[in-house]
Amino acid sequence: MIINKILNVDDYYFDVFMSISESLTGFSVNELQSTGLAEIYYKHILGQIEAATFTEFLNISKNILENSYSQDQLNNAIAAEIFANPSTEDIANSIITLWYLGTWEGAYVNDLSYKEGLVWNVMHAHPPGAKQPGYKSWGVKPVNSNV
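Here our numbering is used: the first residue of the sequence shown is 1291, the next is one more, and so on.
Given below as structure tokens:
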């Protein structure tokens, strides 16, 4: 069983949401939680799509997570059961975009969602105008720089 138990939200499906988010993004539940946006994103999705549609997605995700005992098995099940179905694929892609860019259907969820987008970690950068890189950061070569 790959579902992680999250203790701060009194909703069974929140745990499933966080566990499938971990698998979809490649970031750990702890890293996702550290953005301060986990509960906000969960509630935002509930307000954006029909509850029955989101619950169906989470039930499929729950079954995948409970029946996968290795990362390869999990990845194959996500590909076969989520990304092979257009309705669940759309939700999964929206969740990935939400975590990486902080947007849902092209609009930022809130100010924090821009600042805490996972894209900045992947790029080893900071969100311009929102977080400063730090004193003397201009003297440090960028990651993966050929300069």
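Virtual Cβ for every residue (Gly too), placed ideally from N, Cα, C.
Item to complete: Could you check the C-alpha separation between Phe1317 and Leu1391 for me, to the nearest Å?
Response: 14 Å
Practice prompt. Find out if the Cβ-Cβ distance for the pair Leu1364, Phe1307 is shorter than 9 Å.
Written response: 9 Å or more divides the Cβ of Leu1364 from the Cβ of Phe1307.
Fill in: Validate contact between the segment 1339-1347 and the segment 1413-1422 using beta carbons, cut 8 Å, 3 pairs
no
Item to complete: Pick out whichever of Glu1312, Tyr1331 and Lys1426 has its Cα sitting closest to the Cα of Tyr1439.
Response: The structure shown does not extend to residue 1439, since the chain is modelled only from 1291 through 1437, so no value can be given for it.
Discussion item. Quick check on Tyr1398: does DSSP put it in helix, strand or coil?
Written reply: Strand at Tyr1398.
Fill in: Complete alpha helix (DSSP H) runs within the segment 1295-1363 (minimum length 4 residues, chain order)
The qualifying runs are 1302-1315, 1319-1323, 1328-1338 and 1341-1357.
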